[in-house]
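Engineer: Structure below; questions to follow.
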């Protein structure tokens, strides 16, 4: 009895388009990769694979969260001072940019499933463009920091006038963490760009919507990481 | 349970036997023999063999270095190398053994070979990523070795800052090598997790999987969730050493103890990456040679998950003397005891499984008995070290060295050898000689014990690890240890010799030489490229020894036909 | 579609709240408030945009265990630093954290 | 603990107030370890004999574990392990918290020596002299990398971390001399970084305190020893120690604590670790404008010579505040007697 229930849960899909009906799956046709029987099956594996990968990515940034938390206990004053000196308005605008881009790509996935290919493609490329805006703003911020004399490793003129313990640590982690995040943004843009191209020129059939979903889910994770980096570096 | 058309067939009705195979059936070994067909293969079995060759090479290399270290310690002062060289050699030994041998040893070889077969799949979920992970491993290993030759590395495998930030050796390429090897480990783990969730054959419930799959699955969770933190800490060390930004540099407000937190958050669970697959091997070998249903399948499966989980809670016990707070030390101390409980449950279940069995003392089982003894000994000394006050005396002494060698050599390497003998017929299609196997097993045990037991006593006597000069009164114990190490080395060479001989001249292995019920024995030896000639039906559990062989086999075989669509 | 747009609106509203509150002096609570708002936003993105609500158990497990592990990691590291006894002494004078005066150039 | 058991376990002599307790827990757990692993070995051995395979292809019964048995065993083990932890952690707390009447000695570790500064302003290298029976608190910091202060006979070990102070304390109960070891790997001469604790009877200790010559303890101070090493090892033929003169190698005058520009434009801080590294592996950092001609001194300079040289180079910095600079003691500490013996 138990077995049967499990199987049902595994193969019968919910109403949501994430899991198409089994009949649909047969219509979609055979899998393109060796170990799977159906494309539906393969899509699920790909999605699970992406999520497991994202779990791994989250732990990568988890190291920064642990460091930031610990150093905040050790250098409460220094961190407060550094946060106040940060480019809050630019950083906050960047948060808004990423939130908008996430919305765009989520809507893109939605409309692609409905078959509105062009709109979906346009939204994907809007997302890529917003990613570019994010990176541009980020570079502007770096430029401002360098102009002020804030360099990673506690180097630069700014530190001559500011010597609260913890400032050097804050800025080094800031540069390393946001730099790593910017690398993820870049990878996400490339990923979305490739999928977006095949959406636009029609080479991505609806049955392969999961490829767009994978890129979108990756992009959302980049957003989620930033949602936490933003308050830690800019707000308080 | 109900049997339906779409569900698992558990009816006892006999099924027609598959047509007898032709005289020389093709196998994954004969299916393409060019070098290219090996280097570009996506067959998990071939990738497993590629991994096997690589990790064996690094075991050999690490072993040579270990012998060099032991020979150096024949006298309290300089024997065959200088302190400068000694520090590089012990670092090299540690880095190679941990990152290039132990971590990939069982998961990437036996796990890769057997996991898809054991769940009735044709391959892993992402075959190309599987091949990619081997190349990433090779790239990382090459960078590491390059660093070791060009500048060497003298930080110890733990890379503690600020020493690693100041060390004149090639820290940056070495830690980047470790970083790269880490990605290979993450991809392997990811592949296993997805395969277990999506590629199980019809009717193969999670709780009907062979226990080895549970062990590999639990290992994969650790690989996926802990390795990125190692990656991050290696990147931060590279930044500190290469660019001098001083994230952990106290002169800029950094805290070197935080590096240790990051490092051990990976490197303690990494111990379970090494030992959990070993436990998986034990869980397969004991039921087969005792012809016995495990005393408690659930206990073994759940305790694997339990070890994987609690493994994340215990890293701080490496840091009792490092200057962490007493509160944290207390918390980590008691959390460490949880792991011991889960491990002990496994040991009890294994031993209880033997009760009223029909035990045949073959080489794999002999290794498992060695494992049990050494693992209990090594594990209990772990409990001792986790008892916080004792660690103040033992930390960073030879006691700790002996403790983790009992787990990693006595545990992981012994189980690796058990698995090597157990699955040798399946992988190669040949049988090894049982008599030499048992002799080598006894030699391995003796060599190991003589090497590492004296090191417990050295630790008690207060000899710190990573010491080039030591007090002359410790010399006798060191000499005994060195003699043991030479014996262990000779035993390993003996194994290499007779297995190499068996590979060519050994008699042909039957499909199921041990009469096992586990699923990998349902296919041919060596298996065909797609693992099964026909879609298998896993009608019986993998440990059902309550029926005789004929009956069990009747359930396992299925008519040759196309596979069902899920 | 409606759900996606509603979520987007909620995210922007939360962003505004967080940004506005950063100008209010809340003392030590300000970081906690900002992080709680961030957590709400993250939950919205993960559940709605990333469609975790509709994924299978295996995917939920992956997400859940990652979250649990990060929580354990951050908590136990922070527990160490937060409960360390105050050092008995001030450390010896630290090295200067800057290059010699006048040179704005970084030391790398 | 009885002396024969200490000998049997190869333990060093129990010379501190906590050693006997710790050893008792040690002996208990080790006994449990031996008994349990031998029991497993014996059980497997017995079953191999008793249940050996007598015929091929036999069936065996399916013995199912009772949940209550499994839970019972798990709980019993948990209880046993937790009991170990309770005892061990209580001891740990005792070892971690110095008693109120403890006298403070400041410890500075560096590659590769120990420096002990007493509260009366005098200091000594590698030798710590304490009276029997008195609680001694060590306030320790490192000048370069992490070291660990380890006295096997006292059963204490504490990492010595740069940039902060860590503490350890002990009450020596047997007069005698005990080795101090560094237990955290700290570079080429890690194993040569040794010192000793001399535990004196209170009478002898008082006599030692009054000895006017003890400042030097018959040895030179570290800076002049470093100067001698620099001459004996011919360092000064290439490195000038005064201002102005350019020679084969960079000048030592004002070098310490300054930023050095290396080939390729990198700049590094010339701290203790940099100085030591430059002696052990000169080609690691080539100072801009100089040739890589210096041979390695790893294996030539011994641990104490290295430390003395570093101290000497430090003394050539621009003078700031001469004299022994003891770190500032926080307000909480000054209320006690400050450790003045």
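Residue numbers (the numbering used here), protein chains in the order written: chain A, 1 to 236; chain B, 237 to 802; chain C, 803 to 910; chain D, 911 to 1251. Glycine included, each C-beta is placed from N, C-alpha and C at the ideal position. As the structure is a computational prediction, the values presented were derived from the model and not from experiment.
(1) Do residue 153 of chain A and residue 168 of chain A have their beta-carbon atoms positioned less than 9 Å apart in this structure?
(2) In angstroms, rounded to a whole number, what distance separates the CA positions of residue 627 of chain B and residue 272 of chain B?
(3) Let me know if residue 371 of chain B comes out buried or exposed under the rule of 16 or more other beta-carbons within 10 Å of its beta-carbon.
(4) Would you call the region 357 to 365 of chain B and the region 305 to 325 of chain B in contact, with 3 or more CB pairs under 8 Å?
(5) Is the CB-CB distance between residue 1042 of chain D and residue 1006 of chain D below 9 Å?
(6) Determine whether the Cβ of residue 1004 of chain D lies closer than 9 Å to any Cβ atom of chain C.
(7) Count the other CB atoms, across all protein chains shown, that sit within 10 Å of the CB of residue 974 of chain D; report buried if there are 16 or more and exposed otherwise.
(8) For residue 83 of chain A and chain B, any beta-carbon pair shorter than 9 Å?
(9) Can you find a C-beta in chain D that's less than 9 Å from the C-beta of residue 881 of chain C?
(10) Please say whether residue 492 of chain B and residue 1223 of chain D have beta carbons closer to each other than 9 Å?
(11) Is residue 486 of chain B near the ligand GTP, going by C-beta to nearest heavy atom under 8 Å?
(12) For the alpha helix (DSSP H) containing residue 677 of chain B, name the first residue and the last one.
(13) Just by C-beta distance, which residues in the region 1047 to 1077 of chain D are closer than 9 Å to chain C?
(14) From what residue to what residue does the beta strand (DSSP E) around residue 711 of chain B run?
(15) Would you list, in chain order, the members of the region 553 to 566 of chain B that have their beta-carbon closer than 7 Å to a beta-carbon of chain C?
(16) In angstroms, rounded to a whole number, what distance separates the CA positions of residue 89 of chain A and residue 135 of chain A?
(17) Would residue 612 of chain B and residue 583 of chain B qualify as a contact pair, given that the criterion is a beta-carbon distance under 9 Å?
(18) Pull up the DSSP beta-bridge partners for residue 962 of chain D, would you.
(19) Just to confirm before moving on: does the CB-CB distance between residue 753 of chain B and residue 778 of chain B stay below 9 Å?
(20) Could I get the ranges of all uninterrupted beta strand (DSSP E) runs contained in the region 1114 to 1189 of chain D, with 3 residues as the minimum, in chain order?
(21) Residue 1106 of chain D bridges to which residues according to DSSP?
(22) What are the partner residues of residue 155 of chain A, as DSSP defines its beta bridges?
(23) Report yes if the CB atom of residue 540 of chain B is closer than 9 Å to the CB atom of residue 334 of chain B, and no otherwise.
(24) Of all the options A:119, A:158, A:83 and A:111, which has the alpha carbon lying nearest to the alpha carbon of residue 804 of chain C?
(25) Tell me whether residue 900 of chain C sits in a helix, a strand or coil according to DSSP, three-state version.
(26) Tell me the residue span of the beta strand (DSSP E) that contains residue 666 of chain B.
(27) Compare the Cα-Cα distances from residue 1077 of chain D to each of B:481, B:558 and B:437 and report the closest residue.
(28) Under 9 Å, Cβ to Cβ, is there at least one residue of chain D near residue 675 of chain B?
(29) Kindly confirm or deny that the region 600 to 617 of chain B and the region 555 to 573 of chain B touch, where touching means at least three C-beta pairs closer than 8 Å.
(30) Do you know how far the Cα of residue 1211 of chain D is from the Cα of residue 1063 of chain D?
(31) Closer than 8 Å, Cβ to any Cβ of chain A: which residues of the region 480 to 498 of chain B, in chain order?
(32) Name the residues in the region 104 to 125 of chain A whose C-beta lies less than 7 Å from a C-beta of chain C; which are they?
(33) Assuming residue 1016 of chain D is part of the beta strand (DSSP E), what are its boundary residues?
(34) Return the residue from the list D:1034, D:1018, D:982 and D:1107 that minimises the CA-CA distance to residue 1252 of chain D.
(35) Out of B:477, B:702 and B:630, which one is the CA nearest neighbour of residue 929 of chain D?
(36) Tell me, please, whether the CB atom of residue 102 of chain A is closer than 9 Å to any CB atom in chain C?
Structural biologist: In short:
(1) yes
(2) 52 Å
(3) exposed
(4) no
(5) no
(6) no
(7) exposed
(8) no
(9) no
(10) no
(11) This structure does not include the ligand GTP; it has no bound ligands of any sort.
(12) 670 to 696
(13) 1047, 1049, 1051, 1053, 1072, 1073, 1074, 1075, 1076 and 1077
(14) Looking at the DSSP string, residue 711 of chain B is not in any beta strand (DSSP E); the run it does join, the alpha helix (DSSP H), is 711 to 741.
(15) 560, 561, 563 and 564
(16) 15 Å
(17) yes
(18) B:595
(19) yes
(20) 1169 to 1171 and 1177 to 1179
(21) D:1037 and D:1089
(22) A:151
(23) no
(24) A:111
(25) Annotation note: pLDDT 41 at residue 900 of chain C (below 50); position unreliable, coordinate value reported separately. Three-state DSSP puts residue 900 of chain C in coil, outside helix and strand.
(26) Here residue 666 of chain B belongs to no beta strand (DSSP E), and DSSP marks it neither H nor E.
(27) B:558
(28) no
(29) no
(30) 29 Å
(31) 480, 481, 482, 483, 488, 489, 490, 491, 494, 497 and 498
(32) 106, 107 and 110
(33) 1013 to 1020
(34) Limits of chain D in this structure are 911 at one end and 1251 at the other, which puts residue 1252 of chain D out of reach.
(35) B:630
(36) yes
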